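Here it is as structure tokens:
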């Protein structure tokens, strides 16, 4: 890599400029000495004789390089992905790198978050700049130490090279001086052209993989502190109830029980998480082991005050009401273009479909848990949180300590999917730890707790109508979207019960009207992998398949025709987005058409299939990612379904770790198949009816199809996230194949309730 354009002098920053650089793009780019990161590395067993160039980069005395990963790791691969970006611009060998999980410190790292497929797009440029800055500081130090012009130096594979002589020096030889060099201005950086990348764009295994398979204590559930005690927390089965009394004397008399007590409800906690959840009142049991606490929990007898609970919340009631109002327009107008009434009045054919999707649980395989220590006016927690910055602020409020006396340590997360954007488990253990000052407490939820007190993907309904002209062209589209709000007075949809860009590509129809009705149900909801899109992919793409069939058109051709439109401008940035949040981009019809054309070519769309077997297609645009999938499915007369193979083609822009992206697409497809077949949460009288996997099955390995994952990527397009966009099209691809194979149209999930089973 040439440095002929670089100056031999690196100008410094004053304090004001330093803080400006620290917050760049919300990615937390900051350079300068930071001993707390050194302590973090030492705590994780890293060589303590090291030099720190920035909060992201340290060089050990043996020449190895520590790169800090700022965001939570919940299986999406970001603990590998972000350091890879830094390593590329730092120009080091990946084999020379040790990845360290960063501490929570917004002043250094900006927003630390795992959600919304945002980690890569929010940090792509800041991480490149962080690596390039550290590299330039090393070059400046080398130039000064070797008494040569910086233009005569280059870097490659963790070495500084003196071009005229070919002499090579390890980065460690200049690290101490580099740490004291002035911090470069951003306009002094020369970022690599993608054609110069030596690390990015290849396949890398996860940096924690060896530790995971050898059982190292990485996850929240693995945490252990000296003299630790163990807790459970029991809440009212009727959501929103509070504990009044319990059989306290009996519980405290049980073997190995240390304490048992009621915690009163705690309302809005400042900065606590994504959905403003309160702590439900309940009963805490503290014991010498998790098993002892859970055994005591089984013997609890609690009197509950349900006066504040929604005892009328009923899924069957929501379904019944939705069916009754489906044929009407909703009172809230979300979109109205053209003249829908005239389009339908003059239509040659009208197609109608009523689609239903249920509440769904996140079902993380690691149930919620957290460990806390409260002492001397300070609270420290070890939490598997997707929003550790919010969690750290929230536990300070619960503990009643100053923000600077609250510390949250990131642990690896055993499945997030949006559930751990909320920090209720961290707040609960903090409330318990306050009572046991000076003693570490681990709170462990049971699977039943986890399923009963989730922040569910909300259920809902779409009443669709499409108007076709004589040629089969869709000239009108309407949707009465029936979703949920938290109470009768709220006009805000709950959780992910809103549309956003999910109306695409129906926006290309000339005459469109979308209205909404909100039904109250105080069942707590929140984001779930591909929020909103995870349900609407099934409904929108399923209905469009119906429209194509009614028009007598092949579904691939129908979609390609619908997408044969000029691109529209990007929507405006939503209010309240954090610094560095990616700006909305325009939907690209060409990129959408390309993934559809490519996946159907790979699957040999249109080929003859045996009786009872067919190909189904689904496309969706979610989180700036374009994904099309084809499912090969057979169905017999007993409604036994075999998903033989699924082809997936994605366009996420540039992909810097092919292995990680492939893993995310595979997981999304299998998640989608599991949701389609089995996933449903129902409730009556405000009580969740499912308690464990016998009532909420998961996809089995024996039913997993063969997967063919392919990417269309361009070095000219910055990366978007890959953790979510591949889930939405999986459901309609399979459902549309079921129709083509059997003639049965499925308009509700899960399919197991319709008599279907996987074989």
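In my numbering, the protein residues as written are 101 to 859.
Each residue gets a CB set at the ideal place from its N, CA and C atoms; glycine is no exception.
Note that this is a predicted model, so its numbers are computed, not measured.
{"Query": "Taking the straight line between their C-alpha atoms, what separation do you get for residue 557 and residue 290?", "Result": "44 Å"}
{"Query": "Determine the direct distance from the alpha carbon of residue 741 to that of residue 372, and round the result to whole angstroms.", "Result": "Below a pLDDT of 50, predicted positions are generally treated as unreliable, and residue 372, at 49, falls in that range; no measurement from the model is reported."}
{"Query": "For residue 542, is the classification buried or exposed, using 16 other Cβ atoms within 10 angstroms of its Cβ as the cut-off for buried?", "Result": "buried"}
{"Query": "Please report the straight-line C-alpha distance between residue 723 and residue 539, rounded to a whole angstrom.", "Result": "43 Å"}
{"Query": "Let me make sure I understand the geometry here. Which of 795, 475 and 546 has the alpha-carbon closest to that of residue 536?", "Result": "475"}
{"Query": "State the CB to CB distance for the pair residue 628 and residue 517, rounded to an integer number of angstroms; the pair is presumed to be in contact (CB under 8 Å).", "Result": "6 Å"}
{"Query": "Span of the beta strand (DSSP E) holding residue 541?", "Result": "541 to 544"}
{"Query": "Kindly list the residues whose CB is nearer than 7 Å to the CB of residue 228, restricted to its own chain and excluding five residues on each side of it in sequence; keep chain order.", "Result": "185, 189 and 291"}
{"Query": "Can you name the residues that DSSP bridges to residue 568?", "Result": "449 and 574"}
{"Query": "Contact between the stretch 393 to 406 and the stretch 342 to 357: three or more CB pairs below 8 Å?", "Result": "yes"}
{"Query": "Which residue's Cα is closest to the Cα of residue 799: 852, 568 and 354?", "Result": "852"}
{"Query": "How should residue 271 be labelled, buried or exposed, when 16 other C-beta atoms within 10 angstroms of its C-beta is the threshold for buried?", "Result": "buried"}
{"Query": "In whole angstroms, what is the alpha-carbon distance linking residue 832 and residue 479?", "Result": "47 Å"}
{"Query": "What is the C-beta distance between residue 699 and residue 337, in whole angstroms, given that I count them as a contact (C-beta under 8 Å)?", "Result": "With 8 Å as the limit, residue 699 and residue 337 do not qualify as a contact, their Cβ atoms being about 45 Å apart."}
{"Query": "List the residues that DSSP assigns as beta-bridge partners of residue 562.", "Result": "455 and 581"}
{"Query": "Do you know offhand how far residue 419's Cα is from residue 592's?", "Result": "20 Å"}
{"Query": "Going by alpha carbons, who is nearest to residue 358 out of 351, 365, 387 and 364?", "Result": "387"}
{"Query": "Should residue 522 go down as buried or exposed, given a rule of 16 or more other Cβ atoms within 10 Å for buried?", "Result": "buried"}
{"Query": "Tell me which residues share the same chain as residue 842 and place their Cβ nearer than 6 Å to its Cβ, disregarding the 5 neighbours each side in the sequence.", "Result": "735"}
{"Query": "Consult DSSP for residue 645 and reduce its assignment to one of helix, strand or coil.", "Result": "helix"}
{"Query": "Which of helix, strand or coil does DSSP assign to residue 444?", "Result": "helix"}
{"Query": "Taking the alpha-carbon positions, what's the residue 621 to residue 410 distance?", "Result": "7 Å"}
{"Query": "Can you tell me which of 846, 752 and 203 puts its alpha carbon nearest to the alpha carbon of residue 727?", "Result": "752"}
{"Query": "So, residue 721 versus residue 681, is the Cβ gap smaller than 8 Å?", "Result": "no"}
{"Query": "Starting from the Cα of residue 187, find the closest Cα among 164, 834 and 665 and give me that residue.", "Result": "164"}
{"Query": "Do residue 639 and residue 455 have their C-beta atoms closer together than 8 Å?", "Result": "yes"}
{"Query": "Using the C-alpha atoms, what's the distance from residue 489 back to residue 136?", "Result": "Here the model assigns residue 136 a pLDDT of 36, short of 50, so the residue's position is not dependable, and the following value carries that caveat. Rounded to whole angstroms, residue 136 to residue 489 spans 16 Å at the Cα level."}
{"Query": "Leaving aside the five residues before and after residue 244 along the sequence, list all residues of the same chain whose C-beta is less than 7 Å from its C-beta, in chain order.", "Result": "277"}
{"Query": "What is the DSSP secondary structure of residue 659, reduced to helix, strand or coil?", "Result": "helix"}
{"Query": "Using CA atoms only, rank isn't needed, just tell me which of 218, 797, 151 and 837 is closest to residue 747.", "Result": "837"}
{"Query": "Can you give the beta carbon distance from residue 408 to residue 306, rounded, assuming they're within the 8 Å contact cut?", "Result": "Not confirmed; about 44 Å, so no contact."}
{"Query": "Along the beta strand (DSSP E) that carries residue 762, what are the first and last residues, could you check?", "Result": "Per DSSP, residue 762 belongs to no beta strand (DSSP E); it is in the alpha helix (DSSP H), 758 to 778."}
{"Query": "Residues in its own chain within less than 7 Å of residue 583 by CB, not counting five upstream and five downstream?", "Result": "558, 560, 593, 597, 616 and 618"}
{"Query": "Report yes if the C-beta distance between residue 776 and residue 850 is below 8 Å; otherwise report no.", "Result": "yes"}
{"Query": "Would you call the CB atoms of residue 319 and residue 431 closer than 8 Å?", "Result": "no"}
{"Query": "Excluding five sequence neighbours on each side, which residues of the same chain lie with their C-beta closer than 6 Å to the C-beta of residue 422?", "Result": "561 and 582"}
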